[in-house]
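Okay, structure first, notes after.
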Amino acid sequence: MQQEDKCTIISDFENLKDIPYQERCTEYSETFGMYVFKLDCRQDKINERFAEAKSYLEGRVLANGKKLIAVFSKTIAGNIQDTARYQMASEKEMLIRFCTTDAQEKKLGVQVGEDVYMLVRQEKGCPAEMLTLPFGLCEERYMERLDFTRNRWMRQLEQWKEQELEGQIKRTAEVAGSILETKQAVFPYAKEIKKRMENCEKVFREERMEGYDFREVNLQGAIFLNCKLAGSNFAGVNLEDVFFFNCDLKGCIWYGAMLNNCVAYGKGEQLRMSDRITTSVLPERRDW
Numbered sequence: 014m015q016q017e018d019k020c021t022i023i024s025d026f027e028n029l030k031d032i033p034y035q036e037r038c039t040e041y042s043e044t045f046g047m048y049v050f051k052l053d054c055r056q057d058k059i060n061e062r063f064a065e066a067k068s069y070l071e072g073r074v075l076a077n078g079k080k081l082i083a084v085f086s087k088t089i090a091g092n093i094q095d096t097a098r099y100q101m102a103s104e105k106e107m108l109i110r111f112c113t114t115d116a117q118e119k120k121l122g123v124q125v126g127e128d129v130y131m132l133v134r135q136e137k138g139c140p141a142e143m144l145t146l147p148f149g150l151c152e153e154r155y156m157e158r159l160d161f162t163r164n165r166w167m168r169q170l171e172q173w174k175e176q177e178l179e180g181q182i183k184r185t186a187e188v189a190g191s192i193l194e195t196k197q198a199v200f201p202y203a204k205e206i207k208k209r210m211e212n213c214e215k216v217f218r219e220e221r222m223e224g225y226d227f228r229e230v231n232l233q234g235a236i237f238l239n240c241k242l243a244g245s246n247f248a249g250v251n252l253e254d255v256f257f258f259n260c261d262l263k264g265c266i267w268y269g270a271m272l273n274n275c276v277a278y279g280k281g282e283q284l285r286m287s288d289r290i291t292t293s294v295l296p297e298r299r300d301w
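Here the sequence shown stands for residues 14 to 301, where the numbers follow this note's numbering.
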């Protein structure tokens, strides 16, 4: 079981409650770029503040006599709706069900007494999004709790999404293998690539594509496995959601390419192209 980060939990709580500096257990360190415990803070005070923070942030404290309850609502085929309720301390189970449930629309929210406030929504085929808080409809003392809960849930969902993507990349790479085929025939370029992309046949395995000019092809969502692409021209090409697995990318041109969520994977290392490419040519590395 992963150990809880006391300092982060306490600093989030102290920021949320706007606790004065002299009463805080944590302070922001410019050196480390994060919150740390104050040097003069006693351990018993830290433990007491941690228990207070956990109780508040997880919704286990009654708010004006009304307990917070987590709500998961889904709409399936035929506009049939189903709603389940969870204790806030069991919100992780609810978030897992939210991620693994196939539905036309899914929502997460909080019930305060008889009132229900939906905080997160996801439509089929779309990413999850935060819903606008009901200003004017919700009592002010609940607003900060709803906002913190909404952001906490979104952070957890995004973290799991990232972990799932990384797992898929590693599994696909293992299946593909790491040896480039040296005797593969040269790939029939433009017409075949366009045809396959238009038919959603977006996986290219062990193809020789050295020096090809991709500028007339929309490659969004394509997957290249063990392909030879050295010297290819991707300038201005839509490479959103493209995966390169164990491909030879030496000398490729990337100027003006759309690289959102474009990833290259080789030698056990994952390279996010938009984060690392600062010139028009990928740096010379034996890995790629």
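Glycine residues also receive a C-beta, built at the ideal position from the N, C-alpha and C atoms.
Inset, instruction - Report the residue from Ser103, Thr96, Gln124 whose alpha carbon sits nearest the alpha carbon of glutamate 118. - result: Residue mapping note: residue 118 aligns to position 105 of the sequence shown, counting from 1. For the residues Ser103, Thr96, Gln124, the minimum Cα distance to glutamate 118 belongs to Thr96.
Legend entry - glutamine 124 to isoleucine 32 span [Cα, whole Å]: If you number the sequence shown from 1, residue 124 lands on position 111. If you number the sequence shown from 1, residue 32 lands on position 19. The straight-line gap from Cα to Cα measures roughly 27 Å.
Legend entry - Residues bridged to tyrosine 69 (per DSSP): On the sequence shown, position 56 is the one that residue 69 refers to. Beta-bridge analysis with DSSP links tyrosine 69 to no other residue.
Legend entry - aspartate 128, enclosing beta strand (DSSP E) - first and last residue: Against the sequence shown, residue 128 aligns to sequence position 115. 128-136 is the span of the beta strand (DSSP E), which, as asked, contains aspartate 128.
Legend entry - For lysine 67, the nearest candidate out of Asn273, Phe26, Phe111 (CA to CA): Sequence index remark: in the sequence shown, residue 67 carries index 54 (1-based). Checking every option, the nearest Cα to that of lysine 67 belongs to Phe26.
Inset, instruction - Report all residues from its chain with a CB closer than 7 Å to the CB of asparagine 231; omit the five preceding and five following residues, and keep chain order. - result: As a position in the sequence shown, residue 231 is number 218, starting the count at 1. Met210, Asn251, listed in sequence order.
Legend entry - Where serine 42 falls: helix, strand or coil (DSSP): If you number the sequence shown from 1, residue 42 lands on position 29. Assigned with DSSP and collapsed to three states, serine 42 falls in strand.
Legend entry - Endpoints, the alpha helix (DSSP H) within which lysine 105 is located: The sequence position of residue 105 within the sequence shown is 92, counting from 1. 104-113 is the extent of the alpha helix (DSSP H) around lysine 105.
Inset, instruction - Please classify leucine 272: is it buried, with 16 or more other beta-carbons within 10 angstroms of its beta-carbon, or exposed? - result: To locate residue 272, count along the sequence shown from 1; it is residue 259. By the neighbour-count rule (16 or more Cβ atoms within 10 Å), leucine 272 is buried.
Legend entry - Pairwise C-alpha distance: valine 255 and asparagine 92: Indexing the sequence shown from 1 puts residue 92 at position 79. Indexing the sequence shown from 1 puts residue 255 at position 242. Computed Cα separation, rounded: 34 Å.
Legend entry - CA-to-CA distance, threonine 39 to valine 21, given in whole angstroms: Along the sequence shown, one-based indexing puts residue 21 at 8. Along the sequence shown, one-based indexing puts residue 39 at 26. Going by the sequence as given, residue 21 is threonine instead of valine. Cα-Cα distance, rounded: 9 Å.
Inset, instruction - For cysteine 260, collect the residues of the same chain with a Cβ closer than 6 Å to its Cβ; drop the 5 residues on either side in sequence, then sort them by chain order. - result: On the sequence shown, position 247 is the one that residue 260 refers to. Excluding sequence neighbours, cysteine 260 sits near Phe237, Cys240, Leu242.
Inset, instruction - Answer yes or no: do glutamate 223 and glycine 244 have a C-beta to C-beta separation smaller than 8 Å? - result: The sequence position of residue 223 within the sequence shown is 210, counting from 1. The sequence position of residue 244 within the sequence shown is 231, counting from 1. Result yes, Cβ atoms of glutamate 223 and glycine 244 sit closer than 8 Å.
Inset, instruction - Measure how close the beta-carbons of phenylalanine 85 and methionine 101 come, nearest whole angstrom, since I'm counting them as under 8 Å. - result: Against the sequence shown, residue 85 aligns to sequence position 72. Against the sequence shown, residue 101 aligns to sequence position 88. Between phenylalanine 85 and methionine 101 the beta-carbon gap is near 12 Å, outside 8 Å, which marks them as no contact.
Inset, instruction - Below 7 Å CB to CB, which residues in the same chain sit around threonine 195 once its five sequence neighbours on both sides are set aside? - result: Residue 195 sits at position 182 when you count from the first residue of the sequence shown. Here the model assigns threonine 195 a pLDDT of 44, short of 50, so the residue's position is not dependable and the matter cannot be decided.
Inset, instruction - Just the C-alpha distance for glutamine 283 and aspartate 18, rounded to the nearest angstrom, thanks. - result: Here residue 283 refers to the residue found at position 270 of the sequence shown. Here residue 18 refers to the residue found at position 5 of the sequence shown. Each residue's alpha carbon lies about 27 Å from the other.
Inset, instruction - With a 10 Å radius around its C-beta and 16 neighbouring C-beta atoms as the bar for buried, classify valine 49 as buried or exposed. - result: Translated into the one-based positions of the sequence shown, residue 49 becomes position 36. Only exposed fits valine 49, as fewer than 16 other CB atoms lie within 10 angstroms of its CB.
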